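S.K.: Chains as they are written, first to last, in this note's numbering: chain D, 235 to 692; chain Y, 128 to 613.
Here's what the structure looks like:
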């Protein structure tokens, strides 16, 4: 318990700024094995934040570039654009050919991808350690000089529309999943889907792409995190060589993510031609992802619906045999989020009974403190999950970039576990009462429709 | 694990992040072999392939004959154990395909000392993980557990009780059957699952390898006496090997294992006898009708090789070139050049019995015709023409270079170790792997492509709206149609 496990040794170079952490709000009840991710942070003259973690544990390097833009930044009529733009980032730049980015990464034994969410957009690659320069060159070149043409845009528009069909239109409950945010949120920023509508994807133009690139893909709107087997001074020299002269742009406009207070339950019933069973989706509004109460809400969610020891599994799935499957999570957004619960109803059972049983369990959380073992479960599961999640260089790079863009706090990578350890049984009861109220709830029930009777959506 | 819950999390709540990306498109400047990718030649690629040495496992045998192999790593205070027992679904009696699977699934539903709920609660309190699986087509039952190092003794004790003393309570068996049947209905509405079931039936016929899930009738008829019998015959230390990764020295590990499993008594280890396999004798076209489907799922392939087959490395390289990732022919052609799909890949596998070779994709219904034509064209081309030198070199470089990344992945290292042990490969198998990849020639690639993607025996499976795709499929042979979810 007392050993200090270091994964990634802090190299004392450059101006190691930041790393000022959110303090855990009280001393943890038990000592936690001190695993720390030591990182340094430097800001280049053009505003690019650079984070380094030196780790010689495996001969690999991982690079993550987090851009402070997501579907929250999209305007009406251009839903899906942030994600479509992400695809354009693989279509070539001044010194990198169309498709060359991924070709070089994969041909040299690496892995890579990009991902777009409501809040931010990530680009990342892991390569054998002797290819650090390649990774930095590829990321810098597209940040500096993306090549945008109508043909490339049309080509990726098709790939994205196919992705939409695969993930939404051809999936049972896909339409309900997409509609959920539209009902749950009032503010357009989070109300529309990240994949976007077919019409809006069709409307996207090369001018939109160029403008979006200039506004959001500037060094001063990005975080570069590099983790792995390198010498920090050499890595920093390469980073300066490739990124230093990318021009700064004016600050992007900020987006208001605030939600008006919800005063009554929101509810809809849908039908789905691809479904065979009824699905119930429930979510309660929760505060922004870095709010202190989120720790207690995540413990609550663990007790309620994580794994086969959870209350909902034991009661609804096992004892009453009301559901086929169930589960959920608390999301962690820059702005307001939700505690989600999803359940698929067993054939012959009623959605109302499933809902009533869920609300009964929630009421129990409001009335009585959770058991000691349940609190321990949430903490130990979190700690184990955390350790698993920081194993790879890529995961650490991505986590640093994500926490920086979302909450301006990369050191959350080290302090988050302590946040869970500080949660008490009374905290859980308090947040259950405060947030899990009927008037704070959104519900969609989706019933199967006979295929012949339904026309699937666009 | 509770695949139902995980599957639900994935299917219902994959909201938020979308994984994008990777792409190329056509450019006349590129050499033919790289059609679809434009290489400007300015990227600072280090020409050296980083050679790495995978960690060697330390081995021991417990007093009761349980073999142990440890990959020691103290980077994080965690551990994971994979206990492999020979048998699995391939050892199921001929009329009980699924017995090994149900036995494994019921382990955690109660022991002589603990109820199902107590097991769940105690494991969760420790923050530990436990899973047990044996698909009807597997040669092994695989039991996994792990957690925080400081909880290791308690997790080992709990896991040992679950593995050694399951009670298979009647009520839990009935509940399991009911859960399983209702989950199956959910799985079958996923086009990918429906395609997989149909494809496996097409390739394997009545061989147990054809089962993705057990037949419903078999499942409902199983009794707790069947489970007890299977457990007694297969769950014994001299029929297993424990592969361990993480924060242990061999000495401590053996002590922990002796404490938890040491007095587990030996038995007569079963001899695995595999039923004979009838390979497909002709090409077939199979359509699973899925009304209202906006996409067609296409699965095309046939019978592959056993894991120990000498063609393994040639197939590995061939598959990488054909559809082993976004830099492959299928991806560049169908996605990047034609815009037919979000993704298209090829895979191959093999175990104690021959696996499959498979190329698959999901495309919007309207382009089923073009997509299938291009996919079939690529399968033909790789068997008809030698692969250009640069493309072959890049594929080998990718496969060898990728070894560095596996050093970060306990799952990969343990799975490599399992492969070596299960299939009795030489102890230096993974050390010589790069040389074996490097030795593959263009002629090897062409030969195995032709042999395993044999046009005369190719199985074409489509899941989609019959109204839209049946006519397209008819170009490839007589279409055999069935409804989804049957």
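Here a beta-carbon is modelled for each residue, glycine too, at the ideal position from N, C-alpha and C. What you are looking at is a predicted structure, and each value in this text was computed from that prediction instead of being measured.
Under 8 angstroms Cβ-Cβ, which residues of chain Y neighbour residue 293 (chain D)?
M.R.: Result: 177, 179, 531 and 534.
S.K.: Would you mind telling me which residues of chain D sit closer than 7 angstroms to residue 469 (chain Y), beta carbon to beta carbon, in chain order?
M.R.: Going along chain D in sequence order, the residues near residue 469 (chain Y) (Cβ under 7 angstroms) are 393, 396, 397 and 400.
S.K.: In whole angstroms, what separates the C-alpha of residue 436 (chain D) from that of residue 494 (chain Y)?
M.R.: Rounded to the nearest angstrom, the two C-alpha atoms are 18 angstroms apart.
S.K.: Residues of chain Y with CB under 9 angstroms from residue 550 (chain D), in chain order?
M.R.: The contacting residues do not exist; residue 550 (chain D) stays about 12 angstroms from chain Y at best.
S.K.: Select from D:670, D:512, D:317 and D:294 the residue whose C-alpha is nearest the C-alpha of residue 498 (chain D).
M.R.: It is D:670 whose Cα lies nearest to the Cα of residue 498 (chain D).
S.K.: Measure from the C-beta of residue 591 (chain D) to each C-beta in chain Y and report whether the shortest distance is under 8 angstroms.
M.R.: Residue 591 (chain D) does not count as touching chain Y.
S.K.: Of all the CB atoms in chain Y, is at least one closer than 8 angstroms to the CB of residue 287 (chain D)?
M.R.: Taking Cβ atoms only, chain Y never reaches closer than 8 angstroms to residue 287 (chain D), which makes this a no.
S.K.: Exposed or buried, what is residue 583 (chain Y) when buried is set at 16 or more other beta-carbons lying within 10 Å of its beta-carbon?
M.R.: Exposed, because fewer than 16 other Cβ atoms sit within 10 Å of the Cβ of residue 583 (chain Y).
S.K.: Compile a chain-ordered list of the residues in the segment 599 to 620 of chain D whose CB is closer than 7 angstroms to at least one CB of chain Y.
M.R.: Taking 7 angstroms as the Cβ-Cβ cut-off against chain Y, the residues of the segment 599 to 620 of chain D that qualify are 607, 610, 611, 614, 615, 617 and 618.
S.K.: Can you list the residues of chain D that residue 521 (chain Y) reaches, using a CB-CB cut of under 7 angstroms?
M.R.: In chain order: 341.
S.K.: Would DSSP call residue 536 (chain D) helix, strand or coil?
M.R.: In the structure shown, residue 536 (chain D) sits in a helix (DSSP, three-state: H, G or I).
S.K.: Could you tell me which chain Y residues have their CB closer than 8 angstroms to the CB of residue 364 (chain D), listed as they occur along the chain?
M.R.: Result: 173, 175 and 177.
S.K.: With DSSP as the reference, label residue 616 (chain Y) as helix, strand or coil.
M.R.: What the structure shows of chain Y is the stretch from 128 to 613, and residue 616 (chain Y) is not part of that stretch, so it cannot be assessed.
S.K.: Within the continuous alpha helix (DSSP H) that includes residue 481 (chain Y), where are the two ends?
M.R.: Looking at the DSSP string, residue 481 (chain Y) is not in any alpha helix (DSSP H), and its letter there is neither H nor E.
S.K.: If you reduce the DSSP assignment to three classes, tell me which class residue 560 (chain D) lands in.
M.R.: Reduced to three states, the DSSP call for residue 560 (chain D) is strand.
S.K.: Once you ignore the five residues that flank residue 233 (chain Y) on each side, which residues in its own chain have a CB closer than 7 angstroms to its CB?
M.R.: For residue 233 (chain Y), where only same-chain residues beyond five positions count, the Cβ hits under 7 angstroms are 293, 295, 299, 300, 303 and 354.
S.K.: Using C-beta distances below 7 angstroms, list every residue in its chain close to residue 555 (chain D), excluding the 5 sequence neighbours before and after it, in chain order.
M.R.: Excluding sequence neighbours, residue 555 (chain D) sits near 580.
S.K.: Which class does residue 259 (chain D) belong to by DSSP, given the choice of helix, strand or coil?
M.R.: Model confidence at residue 259 (chain D) stands at a pLDDT of 36, short of 50, so the residue's coordinates are unreliable; what they give is reported in the following sentence. In this structure, residue 259 (chain D) counts as coil in the three-state DSSP scheme.
S.K.: Residue 256 (chain Y) by DSSP, collapsed to three states: which one?
M.R.: If DSSP states are grouped into helix, strand and coil, residue 256 (chain Y) belongs with the strands.
S.K.: Entirely within the segment 510 to 583 of chain Y and at least 4 residues each: give me those alpha helix (DSSP H) ranges in chain order.
M.R.: Those alpha helix (DSSP H) runs which fall completely within the segment 510 to 583 of chain Y and span 4+ residues are 516 to 528, 530 to 533, 537 to 549, 556 to 565 and 569 to 579.
S.K.: Kindly list, in the order they appear in chain Y, the residues whose Cβ is closer than 8 angstroms to that of residue 404 (chain D).
M.R.: Here the neighbours are 318, 420, 421, 422 and 489.
S.K.: Mapping DSSP to helix, strand and coil, what is residue 489 (chain Y)?
M.R.: Residue 489 (chain Y) falls in the strand class under three-state DSSP.
S.K.: Considering only residues of the same chain and omitting the five flanking positions on each side of residue 221 (chain Y), which have a CB-CB separation below 8 angstroms?
M.R.: Closer than 8 angstroms at Cβ, skipping near neighbours: 402.
S.K.: Skipping 5 residues on each side, what residues in its chain have a beta carbon closer than 6 angstroms to that of residue 264 (chain D)?
M.R.: At residue 264 (chain D) the pLDDT is 39, less than 50, meaning the model places this residue with poor confidence; the figure from the coordinates comes in the next sentence. Cβ neighbours of residue 264 (chain D) beyond the five flanking positions: none.
S.K.: Quick one: any contact between the segment 454 to 463 of chain D and the segment 275 to 290 of chain D, if contact means 3 or more CB pairs under 8 angstroms?
M.R.: At 8 angstroms Cβ cutoff, the stretches touch.
S.K.: Just to make sure I have the definition right: I need the residues of chain D whose C-beta is within less than 9 angstroms of the C-beta of residue 527 (chain Y). Which are they?
M.R.: Those within 9 angstroms of residue 527 (chain Y) in chain D are 343.
S.K.: At 4 residues or longer, what runs of the alpha helix (DSSP H) sit wholly inside the segment 596 to 635 of chain D?
M.R.: Segments of the alpha helix (DSSP H) lying fully in the segment 596 to 635 of chain D: 606 to 623.
S.K.: So who's on the other strand from residue 416 (chain Y), going by DSSP bridges?
M.R.: Answer by DSSP bridge pairing, in chain order: Y:591 and Y:610.
S.K.: Check the DSSP bridge columns for residue 519 (chain D) and list the partner residues they point to.
M.R.: D:572.
S.K.: With 9 angstroms as the limit, tell me which residues of the segment 462 to 486 of chain Y have their beta carbon closer than that to any beta carbon of chain D; keep them in chain order.
M.R.: From the segment 462 to 486 of chain Y, only 462, 463, 464, 465, 466, 467, 468, 469 and 470 have a Cβ closer than 9 angstroms to chain D.
S.K.: Given a limit of 9 angstroms on CB to CB distance, which residues of the segment 500 to 530 of chain D reach chain A?
M.R.: The question asks about chain A, but that chain is absent: this structure's protein chains are D and Y.
S.K.: Please compile the residues from chain D whose C-beta is within a distance smaller than 8 angstroms of the C-beta of residue 309 (chain Y).
M.R.: Those are 511, 558, 580 and 581, listed as they occur along chain D.
S.K.: Is the separation between the beta-carbon of residue 266 (chain Y) and that of residue 217 (chain Y) shorter than 8 angstroms?
M.R.: Yes; because the gap between Cβ atoms is below 8 angstroms, this pair is in contact.
S.K.: I need the DSSP call for residue 323 (chain Y), collapsed to helix, strand or coil.
M.R.: Here residue 323 (chain Y) sits in helix by DSSP.
S.K.: Drop a sphere of 10 angstroms on the beta-carbon of residue 693 (chain D), count the other beta-carbons inside from all chains shown, and report buried for 16 or more, exposed for fewer.
M.R.: An answer regarding residue 693 (chain D) cannot be provided, because it is not within the stretch 235 to 692 covered by chain D.
S.K.: For residue 361 (chain Y), is the classification buried or exposed, using 16 other Cβ atoms within 10 angstroms of its Cβ as the cut-off for buried?
M.R.: Classification of residue 361 (chain Y): buried, given that the 10 Å Cβ count is 16 or more.
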